[in-house]
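Accompanying notes for the structure given below.
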Amino acid sequence: MKHVFFLFFTAFVITANAQQKYFIDGTVYPVPKDLTVHMYYQIPGTGILKHDSSKVVEGKFDFKGDLPAVGLGFLVVLPDGKTLKHYIDEHMSLPKDQIGIYLENGHIKVNVNDKHPEDVVVSGTFNNDAVQEARPLMRKYKHAEADIKKRLAEAEKDSLKSQSIIGDYNQMVKERTVAVGEYVKTHPDALASIDLMKSWVLPTDDLTDAQKFYGYLSDSLKASPNALIYKRIMDAVAKVDINSLAPDFVLKDTAGTEHRLSDYRGKYVLVDFWASWCGPCLREMPNVVEAYKQFKSKNFQILGISLDGGSGNAKEKWENAIEHEGMTWPQLSDLMGWNSTVAKQYMVTSIPMNFLINPEGKIIAKNLRGDDLKNALKKYLGA
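Just remember that this note's numbering sits 74 ahead of the position in the sequence shown, which is counted from 1.
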């Protein structure tokens, strides 16, 4: 196998302003030859990214240092003479195995299994011990999500099969959310609790769990910058949660005509975020087309919002996809991709994503796919 192990931070952490002296003793086994471990980390509160390295000698490596507060770093184990830049240039991506390591007071042990990099063990300090307890959960759902994505790709445009797989995904998300809640409840002081909540709970449709799990955190952890960031994001998502007034917006269609959401007040409106490059969006589109045909005469409208952009022919790709998929409702975009102003307004971080808005302008449902979309429309518009 290629000798690459990547311990990566998903966010930089700053806790109480207390100097953190860390000592890292690492082992790579079976004993390899000619490897160097590179460590990258940010000095908390500065934005300065630092680099250190340690040659692996007889299977061992070590680091030591101090930071003004607890932080997160990542280690990359590469052949001598190679750097992270070399790896990225060669593979056009970051290494896949990403496991966080907290840089905090104490002796941290890192054991890397050459044959099974996912079995890395990082332990010895409070936060690293806590995240180690979460690794089985993280590994289980990482594999489950990868399997579902593979099955979806294989299903291609088999709409019925795709809907069944999406149902499996939704069930997996529910089970994963429960597992995260159980972890947070038993680890109220662990930084890993916030990281898991940010990754797997906050992006879901219902804020109930996000708010409930936040309540499990200790007062000291709630005061940490990471928890404060989580709270700010949670409050922003609440503005586009169910029963909230849908934020108004203005976007142009393919012909350059402006459409304002509030102009459709009095109708049920599905604001549907998608893109021509989004496979799951295109697999779901036949279901949306069918729903539009069934309900368009019942005071129902769809406003498609594309996150196409970033290339010179983005408009052409957008228009071709509209025609190919048979989307006959208004299609809007500022062709700014993920920088779309409306996507930011609605806190859209993944697609497909949609919001069902009632005639009074309130959001009454979110992220409706497959049968859930038709069932919601039947509920509000009648069969």
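Note that beta-carbon positions come from the ideal geometry of N, C-alpha and C, so glycine has one too.
Since the structure is predicted, the reported quantities are computational estimates derived from the model, not experimental observations.
Nearest candidate by alpha-carbon position, reference I437, set S424, K452 and Y420:
Numbered from 1 along the sequence shown, position 363 holds the residue referred to as residue 437. Among S424, K452 and Y420, the Cα nearest to that of I437 is on Y420.
Which complete alpha helix (DSSP H) runs does the region 152 to 219 hold, if anything under 4 residues is left out?
158 to 165
Length of the line joining the Cα atoms of L281 and Y243:
Counted from its first residue, the sequence shown places residue 281 at position 207. Counted from its first residue, the sequence shown places residue 243 at position 169. One C-alpha to the other measures close to 19 Å.
If you reduce the DSSP assignment to three classes, tell me which class H261 lands in.
For this step, residue 261 is matched to residue 187 along the sequence shown. Of the three classes helix, strand and coil, the one that applies to H261 here is coil, per DSSP.
Identify the continuous beta strand (DSSP E) that holds E332 and give its terminal residues.
Taking the first residue of the sequence shown as position 1, residue 332 is located at position 258. Start and end: E332 to R334.
Could you give the uninterrupted runs of the alpha helix (DSSP H) lying entirely in the region 366 to 442, keeping only those of 4 residues or more?
388 to 399 and 415 to 419
Consult DSSP for G133 and reduce its assignment to one of helix, strand or coil.
Numbered from 1 along the sequence shown, position 59 holds the residue referred to as residue 133. Three-state DSSP puts G133 in coil, outside helix and strand.
Express the C-alpha separation of P299 and G121 in angstroms, rounding to a whole number.
Taking the first residue of the sequence shown as 1, we reach residue 121 at position 47. Taking the first residue of the sequence shown as 1, we reach residue 299 at position 225. Distance between the alpha carbons of G121 and P299: 14 Å.
If I175 and V186 are in contact, beta carbons under 8 Å, what's the gap, nearest whole angstrom?
As a position in the sequence shown, residue 175 is number 101, starting the count at 1. As a position in the sequence shown, residue 186 is number 112, starting the count at 1. In fact, because the Cβ distance is near 11 Å, the residues do not count as touching under 8 Å.
F287 lies in the alpha helix (DSSP H); which residues open and close that run?
Residue 287 sits at position 213 when you count from the first residue of the sequence shown. Residues L281 to Y290.
Using the Cβ count rule (16 or more neighbours within 10 Å means buried), how would you classify H261?
As a first step, residue 261 must be located in the sequence shown, where it is residue number 187. Buried.
I316 in three-state terms, based on DSSP
On the sequence shown, position 242 is the one that residue 316 refers to. Of the three classes helix, strand and coil, the one that applies to I316 here is coil, per DSSP.
So if DSSP puts Y454 in a beta bridge, which residue, or which two residues, is it bridged to?
Position 380 of the sequence shown, counting from 1, holds the residue named residue 454. Y454 pairs with nothing; no bridge assigned.
Only counting the same chain, and skipping five residues up and downstream in sequence, which positions put a Cβ closer than 6 Å to that of M75?
As a working note, residue 75 is residue 1 in the sequence shown. Caution applies to M75, whose pLDDT of 43 falls short of 50 and renders its modelled position unreliable; the value that the coordinates give is listed next. No residues qualify anywhere along the chain.
Does DSSP put S298 in a helix, in a strand, or in coil?
By one-based count along the sequence shown, residue 298 stands at place 224. The answer is coil: DSSP assigns S298 none of H, G, I, E or B.
Applying the 10 Å Cβ sphere with the 16-neighbour rule, what's the burial state of E397?
Translated into positions along the sequence shown, residue 397 becomes position 323. So E397 counts as exposed.
Let me check one thing: in DSSP terms, what residues is S236 bridge-paired to?
Translated into the one-based positions of the sequence shown, residue 236 becomes position 162. S236 is not bridged to any residue.
Consult DSSP for D337 and reduce its assignment to one of helix, strand or coil.
Taking the sequence shown and counting its residues from 1, the one referred to as residue 337 is at position 263. D337 falls in the helix class under three-state DSSP.
Assign V205 to one of two classes, buried (16 or more other C-beta atoms within 10 Å of its C-beta) or exposed (fewer than that).
Along the sequence shown, read from residue 1 onward, the residue named residue 205 stands at position 131. V205 should be labelled buried.
Compute the distance between the beta-carbons of K223 and A229, then report whether it is under 7 Å.
Walking along the sequence shown from the start, residue 223 turns up at place 149. Walking along the sequence shown from the start, residue 229 turns up at place 155. In this structure, A229 does not lie closer than 7 Å to K223 by Cβ.
Checking contacts by CB at 7 Å: is K235 closer than that to chain D?
Any reference to chain D falls outside this structure, which holds one protein chain only.
Which word fits M162, buried or exposed, when buried means at least 16 other C-beta atoms lie within 10 angstroms of its C-beta?
Counting from 1 along the sequence shown, the entry for residue 162 is found at position 88. Sequence inspection shows Ile at residue 162; the Met mentioned does not correspond to that position. I162 comes out exposed.
For Q477, count neighbouring C-beta atoms within 10 Å of its own C-beta (all shown protein chains included) and say buried if the count is 16 or more, exposed if not.
As shown, the chain starts at 75 and ends at 457. That puts residue 477 outside it, with no answer to give.
Is W351 helix, strand or coil when you go by DSSP?
Taking the first residue of the sequence shown as position 1, residue 351 is located at position 277. W351: coil per DSSP, three-state reduction.
Let me know the secondary structure DSSP gives Q93 once reduced to three states.
Locating residue 93 in the sequence shown gives position 19, where the first residue counts as 1. In the structure shown, Q93 sits in coil (DSSP, three-state: anything other than H, G, I, E or B).
Could you check if A388 is buried or exposed, using at least 16 other CB atoms within 10 Å of its CB as the buried criterion?
Taking the sequence shown and counting its residues from 1, the one referred to as residue 388 is at position 314. With 16 or more other Cβ atoms within 10 Å, it is buried.
Test item: CB-CB of L109 and V151 under 7 Å
One-based indexing of the sequence shown puts residue 109 at position 35. One-based indexing of the sequence shown puts residue 151 at position 77. A contact, by the Cβ cut-off of 7 Å.
Expressed to the nearest angstrom, what Euclidean distance is found between the alpha-carbon atoms of A90 and L226?
On the sequence shown, residue 90 is found 16 positions in, with the first residue counted as 1. On the sequence shown, residue 226 is found 152 positions in, with the first residue counted as 1. Summary for A90: the model assigns pLDDT 49, below 50, so the residue's position carries little reliability; its value from the coordinates is reported in the next sentence. Whole-angstrom Cα-Cα distance: 44 Å.
So is V78 buried or exposed if we call it buried at 16+ other beta carbons inside 10 Å?
If you number the sequence shown from 1, residue 78 lands on position 4. Caution applies to V78, whose pLDDT of 48 falls short of 50 and renders its modelled position unreliable; the value that the coordinates give is listed next. It counts as buried.
The beta strand (DSSP E) spanning V324 covers which residue range?
If you number the sequence shown from 1, residue 324 lands on position 250. Counting along the chain, the beta strand (DSSP E) containing V324 begins and ends at V324 to K326.
Going by the DSSP bridge assignment, what does Q245 pair with across the sheet?
Walking along the sequence shown from the start, residue 245 turns up at place 171. Partner(s): none; Q245 has no beta bridge.
Taking the alpha carbon of N201 as the point to measure from, which residue in A264, R213 and K95 has its own alpha carbon closest?
Taking the sequence shown and counting its residues from 1, the one referred to as residue 201 is at position 127. When only C-alpha atoms are compared, the closest one is A264.
Within 8 Å, do at least three Cβ pairs link the region 99 to 107 to the region 125 to 135?
yes
Does the pairing of the region 247 to 261 with the region 364 to 384 give three or more beta-carbon distances under 8 Å?
no
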